[in-house]
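Step one of this worksheet: look at the structure below.
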Amino acid sequence: MKRLSMYALLLLALVPGARAQQAVPLYMQTDAPLEERVEDALKRLSLEEKVALCHAQSKFTTAGVARLGIPELMMSDGPHGVRAEIEWNSWNYAGWTNDSITAFPALTALAATWNPDTAARYGRAIGEEARYREKDVLLGPGVNIYRTPLNGRNFEYMGEDPYLAGELAVPYIREVQKNGVAACVKHFALNNQEKWRGTVDVVVSERALREIYLPAFRKAVVEGGAWSIMGAYNRYLGQHCCHNSVLLNDILRGEWGFDGCVITDWGGAHDTREAALNGLDIEMGTYTNGLTSESALGYDSYYLATPYLEMLRKGEVPMQTVDDKARNILRLIFRTSMNPARPWGSLCTEEHYATAKAIGDESIVLLKNNGILPLQPDKYKRILVVGDNATRRLTDGGGSSELKPKDTVSPLQALEKIYGDKIIYTRGYACGRPLYERVEEVPAATMDSLRNEAVALARTADVVIYIGGLNKNAYQDCESTDRKSYNLPFGQDELIEALVQVNPNIVIMNISGNAYAMPWVDRVPAILHASYLGSMGGLSIADVISGRVNPSGKLPYSIPVRLSDCAAHASGDPKNYPGIERGEKSETAIPGSLVDGGADPQVTYAEDILVGYRWHDTKKIPALFSFGHGLSYTEFEYGTPTVSSARMNAGGDIHLSIPVTNSGKCDGMEVVQLYIQDDKCSVPRPVKELKHFRKVFVKAGESVNVEFTITEDDLKFYDETSHDWIAEEGTFKAHIGSSSTDIRHTVRFKYLK
Ligand code: BGC
């Protein structure tokens, strides 16, 4: 109602008759330059009205200025679908009957597609849904780098490589924003673990910050043009990221020229002075842990509410701070909630379901196949499906990204559609009810009987399809907790071993947003790996298993053999993960929260720039499955590359072209990856780094030419002495391959200044 009356006011102001009586204020003239509108609105605001813009007025909204017809901002999670309506002033779901949506695959699935066009489809569809649901800010995408497979939130991010994450974030953001809905890129920055997330201070070199942890954010802001960004819960240089002077003032605004809004993570503000001075615009969720807890204090007691107003009145912080914040917020409002030209959006359309399905199809990674896959329907009479994830609704749980989908198809339902009554199902293991920050123990006797039943059925089946992995319960792929172990939970390793013993015809189809140990890897003939695929996930899974879809996903993160092979865990020193506690036990991670805040914890990223494949390559510790790996039901041959020159001059570039032939029997997609290696450098560098990739569709028997342009920027590293990106003269190699370890050709060239 409130919003309708504001639009009415706006329309009235624009009707010619009305104009005659009253001039349309400049800030309402949508064809006037944005900055002029911002300044015009700003000068009409009282101090109280400016401050009121800077903090929440409900769980997911901020106030506008009703007196001036400036509407409020409506926000929603994000990032895999538009979250169900939350009550105005409590964390309960509002119980609406018209807020069911399309659940899209998790962002880690998007990363596994390695396809920017698919990311654009994703952004378009989720943006339309957000708009239809009348949201102005969609809380996503997340581009934090995958540092450890124990991070409970990796499924919400886009893998271990900053270039890959950035290339996919940009089209997602641009398409979301075409709907007049702001993307809110999160969580800026260094939010790479959930353990102690509200307090942990991250110690990282400037070089690793610049080369690994910031580039995807930078690209999202500079190339994606994101209109908002969410500060992270953790600390950097001892200061909380939501009001961190280096991250927000110096880098985000100073260097990257960000003109959008900085929004806290929910409960991420801790100090009025810092919040006033250090680049924060909007404070959300204070006195909560973002999901469950609450305090009696209201919105007026937020750091950027009455306490800020008082400091401003007393002259303790400059008025300029609130003017800057109000400018950023007005700009966001004009771009979104006060943009009468934005489209209406749509919800749960055929096209959105097709998009969700296409992302899922393209994201499933075939890790291993001895030829058993795809499972031809006429070849088997009795197909046993085992595993809790064959039926579990994996859109539930996981924290703030949980979704209320209108429709979902489970893997079991989809397999039954294809294989009919040949399918028998048994659960095999149980994992208890999803409890927030708690795990329900399943009695050993229950687990034994589930396992025994599965093994007995496996003996008589022609083939077993195992559908397990992690789920969205606490201590799995779930916000606010990290995993406790690298192995699969719920006794799945033992179960898989027992099943293989009685039936070696087994296909492992694990669903997970993270890497996990595979002690049974050599004894199973085929392994598929999928992330959480949303509404249409079951169909994508069944189509890949049956061969209706040829898999084309590639790992966006390495799968180490064991946890200690992963850079963050190599030292075995808790300093490097999860960190050490250095002081007094703080009662909470986030004011009012139940989450363990630890005692002034600090984590040191000792592996520095060697994250993921950069570590495996450089330290010669092979991953079980490498970054960029993913097989197909067809074969791709890489021809000899041609290059425009064997020499690059300063400011120049080199064009490289390589023919890729589908030499197998079915059509398929391949991701051609280009990594750059610096032969010799004055500072240590990773063996190679991803600089370009292309996903191409190639019909069976046909070839395509894949073109790349290598630029000087691709050769650079971040120099901590000059605080700048530099390339040193010398020999470089361009490695072209089908994964980070399956390199098909290497081209050498010289770089001379
Ligand atoms: C999460 C954010 C989320 C916010 C609002 C926080 O706990 O960290 O990612 O957007 O809650 O639900």
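In our numbering, the protein residues as written are 646 to 1398.
Cβ atoms here follow ideal geometry from the backbone N, Cα and C, with glycine treated the same way.
No experiment lies behind these values; they were computed from the predicted model shown.
For Phe-1362, the enclosing beta strand (DSSP E) starts and ends at 1362-1364. As the crow flies, the alpha-carbon of Glu-928 is around 56 Å from that of Lys-1310. Distances from the CB of Lys-823 to the heavy atoms of the ligand BGC are all 7 Å or more.
Taking Glu-1229 as the centre and dropping the five residues before and after it, the same chain places the C-beta of Ala-1244 and Asp-1245 closer than 7 Å to its C-beta, in chain order.
Annotation for Asp-910 indicates a beta carbon within 7 Å of some heavy atom of the ligand BGC. Taking C-alpha positions only, Asp-1122 is separated from Phe-800 by approximately 7 Å.
When rounded, the separation of the alpha-carbon atoms in Thr-1071 and Asp-1188 is 21 Å. Under a 10 Å Cβ-count criterion, Gln-1146 is classified as exposed, with fewer than 16 other Cβ atoms of the shown protein chains found around its own Cβ. Beta-bridge annotation (DSSP): Leu-687 is not paired with any residue. Ser-991 carries a coil assignment under DSSP once its states are collapsed to helix, strand and coil. Three or more beta-carbon pairs drawn from the stretch 1007-1015 and the stretch 1172-1187 are found closer than 8 Å, and the two stretches are therefore classed as touching. In chain order, Cys-699, His-700, Ala-920 and Glu-928 place their CB closer than 6 Å to the CB of Leu-949, counting only its own chain and leaving out the 5 sequence neighbours on each side.
In the DSSP secondary-structure assignment, Ile-1371 is bridged to Phe-1362. The shortest C-alpha to C-alpha distance from Asn-1307 to any of Val-1316, His-1300 and Leu-1301 is the one to Val-1316. If you keep only unbroken alpha helix (DSSP H) runs of at least 4 residues inside the stretch 716-803, you get 752-758 and 761-777. In the three-state DSSP reduction, Leu-1178 falls in the coil class, being neither helix nor strand.
Here Gly-1114 is bridged, per DSSP, to Ile-1156. The bridge partners DSSP lists for Ile-1172 are Lys-1013 and Ile-1153. Taking all protein chains shown into account, Gly-1113 has 16 or more neighbouring C-beta atoms within 10 Å of its C-beta and is therefore buried. By the 16-neighbour rule on beta-carbons within 10 angstroms, Gly-1296 is exposed. The straight-line gap separating the alpha-carbon atoms of Ile-1321 and Pro-1304 is approximately 19 Å. Proximity of the beta carbon of Leu-784 to the ligand BGC is indicated: a heavy atom of the ligand is located closer than 7 Å. One thing to note: Ile-1028 has its Cβ within 8 Å of the Cβ of Ile-1110. If you look at Ser-1094, you'll find it in the alpha helix (DSSP H) that goes 1089-1105. The beta carbons of Ala-775 and Gly-1179 sit no closer together than 8 Å. Between the ligand BGC and Asp-722, a heavy atom-to-CB distance of less than 7 Å is present. As computed with DSSP, Gln-1318 is found in a beta bridge with Phe-1338 and Gly-1382. As for any beta strand (DSSP E) of minimum length 3 sitting wholly inside the stretch 797-883, the runs are 827-833, 846-848 and 873-876, ordered along the chain.
Taking the Cβ atoms as the reference, Ile-857 lies roughly 6 Å from Ile-1254, within the contact range of under 8 Å. For Thr-931, the CB contacts under 7 Å within the same chain, skipping 5 residues up- and downstream, are Gly-912, Ala-914, Tyr-947, Tyr-948 and Pro-1236 in chain order. The closest heavy atom of the ligand BGC lies 7 Å or more from the beta carbon of Glu-732. Nearest in C-alpha terms to Arg-1339, of all of Thr-1354, Gln-1318 and Leu-755, is Gln-1318. Leaving aside the five residues that flank Phe-1377 on each side, the residues in its chain whose CB is nearer than 7 Å to its CB run, in chain order, Ile-1321, Gln-1322, Asp-1323, Asp-1324, Leu-1360, Phe-1394 and Tyr-1396. Scanning its chain for C-beta atoms nearer than 6 Å, with the 5 sequence neighbours on each side dropped, one finds around His-725 the residues Phe-749, Ala-751 and Ser-1046, in chain order.
Glu-1282: member of the beta strand (DSSP E) spanning 1281-1283, first to last residue. Taken atom to atom, the span from the alpha-carbon of Pro-1267 to that of Val-1256 is near 13 Å.
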